[in-house]
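Here the structure is laid out as C-alpha cells; the discussion comes afterwards.
Residue numbers (my numbering), protein chains in the order written: chain A, 211 to 464; chain B, 6 to 426.
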C-alpha cells in the first residue's frame with residue numbers, strides 16, 4: 211500500500227513540460243472514454259500488477275472510503291455490501307439511482323461488478339462519469355476490496371488519511387469570486403448543462419471546490435486526454451479556477 | 006473601449022461607474038435592449054442579458070420564425086441520424102422564465118440616429134442598445150448561373166429550414182448509380198467543416214440506399230477544414246464513392262444550370278442527378294441596413310463585439326468579422342456572452358470582465374466516427390486572436406471517435422439549452 215502513494219503536486223510539475231508519458235496517455239485515454247471531467251485520472255500506476263488500492267485511485271477523486279469518509283462528488287462508499295442503491299444520507303442522487311434503489315437494487319459483489327463493468331449500461335441515467343472497467347480480474351479485485359469496508363469504514367484496509375492528494379492547492383486556497391466564475395462559466399455551459407443534466411457530457415454542478423479544481427488542473431497538465439478541456443483549461447489561472455469552482459459549487463442539480 | 010473596463014470599474018468603484026450610464030436619469034424607464042435574430046448569437050444574448058440583469062433591462066427579441074431549426078446538426082438529419090423535429094426549438098422558455106419580449110416579425114430597416122427599428126408589420130421599436138445577429142444572406146450570383154430561383158433544383162440548404170428537407174428527398178430519390186454534385190462556397194462562409202460533413206452524411210445515406218451512386222465535389226477552394234480527417238474517413242467508409250476536385254483540377258466553375266442539372270467547369274461538364282450549390286455569403290441584410298458593414302461583413306471591436314463606428318450596436322456571429330473565429334453557432338453563442346456582459350456593464354454598471362471566446366466544431370464522418378476542431382480566443386487590440394487550439398488526429402482509435410460523436414450530441418443539448426433556456 212505504502213509504495214503507491216499519489217504523486218505530490220511538485221512531483222507532477224515536470225509533466226507540464228515534458229508532456230504525458232505513454233502510461234499517462236493510456237490512462238488519460240480511459241478517462242476520455244468516460245466522457246471527461248467526472249472521472250479522475252489515476253495519478254500513479256505501479257509497475258507490477260495494480261492492487262485494489264491503486265485501482266481505487268480511479269474512484270478516489272470523487273468518492274471517499276474508510277474512517278470518516280464523507281460524501282464528495284459521489285457518495286461515500288462505506289458499508290456498500292447490502293446497501294440499497296441511492297440511500298446514503300445527505301447525498302443528492304440522480305433520479306435514475308433513486309429509482310433503481312426504490313425498485314430493489316442492492317449493492318453486493320454481483321451487482322457492483324455489473325455496474326462497474328459498464329455503469330451507464332447497467333444503470334441508465336446515472337451521473338457517475340465512468341466508462342467502466344473492462345479487465346475482469348481487476349474488476350473482481352476492486353469489488354472485493356470495496357465491499358470489505360464496513361459502515362463505519364473500519365473493517366477495510368484503507369485509512370482515510372491515506373486518501374488521494376488533490377492537485378491545485380494554490381487555487382483551492384483562494385476564495386473564488388462567484389460573479390467572475392459565473393462569467394467564465396459561459397465557456398463551460400455551452401456544453402455542460404447548468405441543470406446538472408447529462409446527455410453525453412458530464413455534469414459539473416455541485417462539486418466540492420477541491421475536486422473541481424483538481425480536475426481542471428489535471429486537464430491543464432494534460433493528464434486527462436480530452437483536447438476540448440485541455441484547451442479550455444490552458445488559460446485558466448488560480449483565480450479563474452477558484453472562481454469557477456466557487457460558482458459551480460453554488461448550483462444544484464435540478 | 007480601449008480601457009480595460011474591469012480594471013477601470015474596480016479602480017473607480019461602482020458609484021462612478023453609474024455615471025457612465027447613458028440617458029438614464031431618475032424617473033426614466035428601464036434601459037432597452039433589442040436583439041434581432043433568434044439563433045445561436047441572438048437567443049443567447051437575449052437570454053443572458055435578461056437573466057443576468059434580473060429585470061433591470063427590458064429585452065426584446067425580434068425573430069421571424071416561431072420555431073427555429075438549427076443549421077448545426079442539420080447535416081445529421083441529412084444523414085438520417087436525427088429526425089427533423091429534433092433540431093427545432095421554440096422561444097417559450099425565453100419569454101416565460103426570463104421575461105424576454107419575443108416578437109415574431111421581420112426587421113426591415115434601422116434608423117441608427119434615432120435608435121429605432123422598423124418592422125415588416127409597420128410597427129417600430131426603439132432601443133438603447135441593439136444586438137444584431139442576423140446570420141447570413143446568399144450572394145447568388147457568385148456562382149454563374151445560380152439564382153434564388155435555382156434553389157429548388159440545386160438547394161444550398163445552408164440556412165436550415167425546408168431546403169434541407171428538400172435536399173434529403175432529392176438525394177433519396179436519385180436514380181440508381183446516379184451522381185450527386187456538391188459545390189461548396191468560397192471563404193469566408195458559415196460553418197467551415199459543414200460542406201464536408203454534408204458530403205459525408207450524403208455518402209452515408211447513399212451507401213445504404215444507392216451504393217453504386219457517386220459524389221463529385223467541385224470546390225472553389227484548394228483546401229478545406231479538417232481536410233486530412235475527412236479524406237481519411239471518406240477512403241475508409243466510402244471507398245470510390247467521393248471524388249473531391251479542387252480548383253487546380255477542375256480549373257474553375259463556369260456555369261451551373263438548374264434546368265439541365267449541369268455543372269460546367271474548365272475540366273468537364275458534370276451531369277448531376279441531385280446537387281447542392283452553396284454560393285458565397287454575406288452578412289444578413291439588416292446589418293447592411295444598419296450601416297455597420299464594411300463590404301460583406303460587419304467589423305467589430307474585439308473586446309465587446311460592438312460594431313466599429315456605432316457603439317450602440319453590437320454584431321454577433323456569422324455577420325461579424327471575428328477574425329480568427331470561424332462562423333459557427335458555437336462562436337456566436339460565445340460572442341453573445343461577451344456582448345451581454347459588456348451591455349449589462351454599460352446599462353446597469355455591473356462588472357465587466359475581459360472578453361474570452363471559444364469554439365469547437367464537431368463533424369460526423371460516418372456512424373460513430375466523430376472528429377472535432379476547436380480553439381479559445383482573446384481580444385487583441387484590433388482583432389480576435391487565438392490563444393490555444395486543437396484538432397482531432399488522423400488514425401485515431403475507434404473508441405475515441407465514438408466518444409467524440411457522443412460528446413457532440415451532449416454539446417447539442419448543452420448549447421440549445423444555453424440558447425433557449
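Glycine included, every Cβ here is placed at the ideal spot set by N, Cα and C.
Q: Compare the C-beta of residue 406/A against all C-beta atoms of chain B and say whether one is closer than 7 Å.
A: It does not; no Cβ of chain B falls within 7 Å.
(Q) Helix, strand or coil, according to DSSP, for residue 200/B in the structure here? (A) Looking at residue 200/B - three-state DSSP - the assignment turns out to be helix.
Q. List, in order along the chain, the chain B residues whose C-beta lies closer than 9 Å to that of residue 394/A?
A. Chain order gives the chain B residues near residue 394/A as 358, 361, where near means a beta carbon separation below 9 Å.
(Q) When you compare the stretch 385-405 of chain B with the stretch 322-339 of chain B, are there three or more beta-carbon pairs, one atom per stretch, that lie closer than 8 Å? (A) With a cut-off of 8 Å, the stretch 322-339 of chain B and the stretch 385-405 of chain B count as touching, because enough Cβ pairs lie within range.
Q.
Short of 7 Å in beta carbon distance, which residues of its chain neighbour residue 325/A, apart from the five on each side in sequence? Order them along the chain.
A. So the qualifying residues of the chain are 332, 333.
Q) Is it buried or exposed for residue 286/B, if we count other Cβ within 10 angstroms and need 16 for buried? A) Burial check for residue 286/B: the Cβ neighbour count within 10 Å reaches 16 or more, so the residue is buried.
Q | Cα-Cα separation between residue 114/B and residue 298/B, rounded to whole angstroms | A | The alpha-carbon atoms of residue 114/B and residue 298/B are separated by roughly 14 Å.
Q. Considering only residues of the same chain and omitting the five flanking positions on each side of residue 387/A, which have a CB-CB separation below 6 Å?
A. In chain order, 453 place their CB closer than 6 Å to the CB of residue 387/A, counting only its own chain and leaving out the 5 sequence neighbours on each side.
Q. Does residue 353/A get closer than 7 Å to chain B when you measure Cβ to Cβ?
A. No, residue 353/A does not count as interfacial toward chain B.
Q.
My assumption, with CB atoms under 8 Å, is that residue 363/B sits in contact with residue 382/B. Please give the rounded CB distance.
A. Their Cβ separation, rounded to whole angstroms, is 7 Å, which keeps residue 363/B and residue 382/B in contact under 8 Å.
Q.
Less than 7 Å between the C-beta atoms of residue 359/A and residue 415/A, yes or no?
A. Residue 415/A sits away from residue 359/A, with the two beta carbons spaced by 7 Å or more.
Q: Have a look at 318/A, 404/A, 430/A and flag the residue whose alpha-carbon is nearest the alpha-carbon of residue 355/A.
A: The closest CA to that of residue 355/A, considering only 318/A, 404/A, 430/A, is found on 318/A.
Q.
For a cutoff of 7 Å on Cβ pairs, would you count residue 400/A as touching chain B?
A. Taking Cβ atoms only, chain B reaches closer than 7 Å to residue 400/A, which makes this a yes.
**Q.** Cβ-Cβ distance between residue 243/B and residue 208/B below 7 Å
**A.** Cβ distance < 7 Å, so residue 243/B and residue 208/B count as in contact.
Q) What residues are listed by DSSP as bridge partners for residue 237/B? A) Note: residue 237/B sits in no beta bridge, so no partner.
Q. Can you list the residues of chain A that residue 237/B reaches, using a CB-CB cut of under 7 Å?
A. Within chain A, no residue comes near residue 237/B; the closest Cβ sits about 18 Å away, beyond 7 Å.
(Q) Against chain B, does residue 207/A count as a neighbour if the rule is that its beta carbon must be under 7 Å from one of theirs? (A) Residue numbering for chain A in the displayed model covers 211 to 464; residue 207/A lies beyond these limits and cannot be assessed.
Q) If residue 183/B sits next to residue 278/B, beta carbons under 8 Å apart, how far is it from one beta carbon to the other, in whole angstroms? A) Rounded, the Cβ-Cβ distance is 3 Å, consistent with contact.
Q) Residues of chain B with a CB under 9 Å from the CB of residue 440/A: which are they? A) Within chain B, the residues placing a beta-carbon under 9 Å from that of residue 440/A are 393, 395, ordered along the chain.
Q: Check the Cβ of residue 444/A against every Cβ in chain B and list those closer than 9 Å, keeping chain order.
A: Correct list: 381, 392, 393.
Q: Please report how far the alpha carbon of residue 385/B lies from the alpha carbon of residue 329/A, in whole angstroms.
A: Looking at the two C-alpha atoms, the distance is approximately 45 Å.
Q.
Between residue 338/B and residue 400/A, how many whole angstroms is the CB-CB distance? I'm expecting something under 8 Å.
A. Yes, they are in contact, since the Cβ atoms of residue 338/B and residue 400/A sit about 6 Å apart, within 8 Å.
Q. Taking just the CA atoms, how far does residue 291/B sit from residue 476/B?
A. The question about residue 476/B has no answer, for chain B in this structure spans 6 to 426.
**Q.** For residue 355/A, the first and last residue of its enclosing alpha helix (DSSP H)
**A.** Segment 346-356, the alpha helix (DSSP H) holding residue 355/A.
Q: Excluding the 5 residues preceding and the 5 following residue 116/B in the sequence, name in chain order all residues of the same chain whose CB lies nearer than 7 Å to its CB.
A: The answer is none, since no qualifying residue turns up.
Q: Taking only the alpha-carbon atoms, compute the straight-line gap between residue 75/B and residue 44/B and give it to the nearest angstrom.
A: Rounded to the nearest angstrom, the two C-alpha atoms are 8 Å apart.
(Q) Restricting to Cα atoms, I'd like to know which of 397/A, 425/A, 299/A, 344/A is closest to residue 419/B. (A) That would be 397/A, whose Cα lies nearest to the Cα of residue 419/B.
Q | For residue 380/B, the three-state DSSP class (helix, strand or coil) | A | In the structure shown, residue 380/B sits in a strand (DSSP, three-state: E or B).
(Q) Taking 7 Å as the threshold (beta carbon to beta carbon), is residue 437/A in contact with chain B? (A) The beta carbon of residue 437/A sits closer than 7 Å to some beta carbon of chain B.
Q) Between which two residues does the alpha helix (DSSP H) carrying residue 46/B extend? A) It spans 45-58 - the alpha helix (DSSP H) in which residue 46/B sits, taken as one unbroken run.
Q | Proximal residues to residue 370/B (C-beta, below 6 Å), its chain only, five neighbours per side dropped | A | The answer, listed in chain order, is 205, 238.
Q) What first and last residue would you give for the beta strand (DSSP E) that runs through residue 258/B? A) Element bounds for residue 258/B: 258-262.
Q: Under 9 Å between beta-carbons, which chain B residues line up against residue 397/A? List them in chain order, please.
A: Close to residue 397/A, with beta-carbon spacing below 9 Å, are these residues of chain B in chain order: 339, 342, 361, 362, 363, 381.
Q. How close, in whole Å, do the beta carbons of residue 54/B and residue 36/B come, if the pair is a contact with beta carbons under 8 Å?
A. Actually they do not touch by this definition, with Cβ atoms about 10 Å apart.
Q: Report buried or exposed for residue 272/B, applying the criterion of at least 16 other Cβ atoms within 10 angstroms of its Cβ.
A: In the assembly as shown, residue 272/B is an exposed residue. Its beta-carbon has fewer than 16 other beta-carbons within 10 Å.
**Q.** Under 7 Å (Cβ pairs) to chain A, residues found in the stretch 396-426 of chain B
**A.** Look at the stretch 396-426 of chain B: the residues with a C-beta under 7 Å from a C-beta of chain A are 404, 405, 408, 411, 412, 414, 415, 416, 418, 419, 420, 422, 423.
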